[in-house]
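Read the structure below first, then the notes.
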Amino acid sequence: MARGSRRWTTYVYYPATGTPGRSPVTSTPVAQGVFPVCEFMHGFSSSPQKSLAIIRSLAEAGFIVPAHHFANLSGQDVYNGNQSKDVSEVITRTLALNTAGEPPAGHINTAVGVGVSGHSMGGMTTHGLLTSWPGARITATIPMSCVDMGDPSLAVRARVLFTHGDRDGTCPISSARQAFRELAAAMAFLTFRGDGHSN
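Numbering (the numbering used here), first residue to last: -3 to 195.
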């Protein structure tokens, strides 16, 4: 995928037919039904393949999960909004797959809004879509191990679940708690006691 000169690879995971519990299989038939979209973005020096524990859980729960690999992910692009804008482009193109003629065409619920999730820089990018670079299509988010990315936008009405380790030395939990306090939408904060900055 691309947005202007910015390029990245996006993997789309989805509920599929076949034996439960197997590793993802390329171009396997989509399970019967229509499924909402929940995007996932990895953190610094990670990838979708390193985040399969989260991605598989989302797909098994009945979501279509676009997960992109930003090989040159940088803090600058997170803080200047490029990553949040890239995720918005991913959402647009994923929803367009519903009429693309190949999996998961015909199986995407385009009417219920979308979910966005991410860890570390991916969590910051997720929070950026609630604040400085709002995504009006977003109805649910899970910012994991993030920091506060600004004041909440009135353009987004999303349910929010923050998750964070209370011993995170990379992204202080105090910053995520500040972001939590600022949001007026329906939300919750899940603290992993004794956990650091793990995915």
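Note that CB positions come from ideal geometry on N, CA and C, so glycine has one too.
Bear in mind that the values here come from a model prediction, so they are computed numbers and not experimental data.
Beta-bridge pairing of residue i - partner residues as DSSP gives them
{"i": "A63", "result": "Y7, F36"}
{"i": "S113", "result": "F36, I138"}
{"i": "M183", "result": "V156"}
{"i": "G165", "result": "DSSP, once it has assigned bridges, lists no residue as partnering G165."}
{"i": "V26", "result": "A12"}
{"i": "A(-2)", "result": "R3"}
Supposed contact pair residue j and residue i - C-beta distance, whole angstroms, cut 8 angstroms
{"i": "C142", "j": "A182", "result": "C142 to A182, Cβ: 18 angstroms. No contact."}
{"i": "L179", "j": "P148", "result": "5 angstroms"}
{"i": "Y10", "j": "I60", "result": "5 angstroms"}
{"i": "G109", "j": "I134", "result": "6 angstroms"}
{"i": "L91", "j": "V33", "result": "7 angstroms"}
{"i": "T187", "j": "D162", "result": "5 angstroms"}
{"i": "T122", "j": "M37", "result": "7 angstroms"}
{"i": "E56", "j": "G111", "result": "About 15 angstroms; that fails the 8 angstroms criterion."}
{"i": "H65", "j": "T5", "result": "5 angstroms"}
{"i": "G118", "j": "G39", "result": "5 angstroms"}
Where the alpha helix (DSSP H) through residue i begins and ends
{"i": "F176", "result": "169 to 178"}
{"i": "G124", "result": "117 to 124"}
Outcome for residue i when other beta-carbon atoms lying within 10 angstroms are tallied against a minimum of 16
{"i": "T13", "result": "exposed"}
{"i": "P100", "result": "buried"}
{"i": "L150", "result": "exposed"}
{"i": "S80", "result": "buried"}
{"i": "G29", "result": "exposed"}
{"i": "T95", "result": "exposed"}
{"i": "T127", "result": "buried"}
{"i": "V21", "result": "exposed"}
{"i": "N68", "result": "exposed"}
{"i": "A175", "result": "buried"}
{"i": "G199", "result": "Residue numbering for the chain in the displayed model covers -3 to 195; residue 199 lies beyond these limits and cannot be assessed."}
{"i": "P62", "result": "buried"}
{"i": "G124", "result": "buried"}
{"i": "A154", "result": "buried"}
Segment limits, beta strand (DSSP E) that includes residue i
{"i": "T135", "result": "134 to 140"}
{"i": "G131", "result": "Here G131 belongs to no beta strand (DSSP E), and DSSP marks it neither H nor E."}
What are the uninterrupted segments assigned as alpha helix (DSSP H) that are 4 or more residues long and contained completely in the stretch 56 to 110, given in chain order? 71 to 75, 78 to 92
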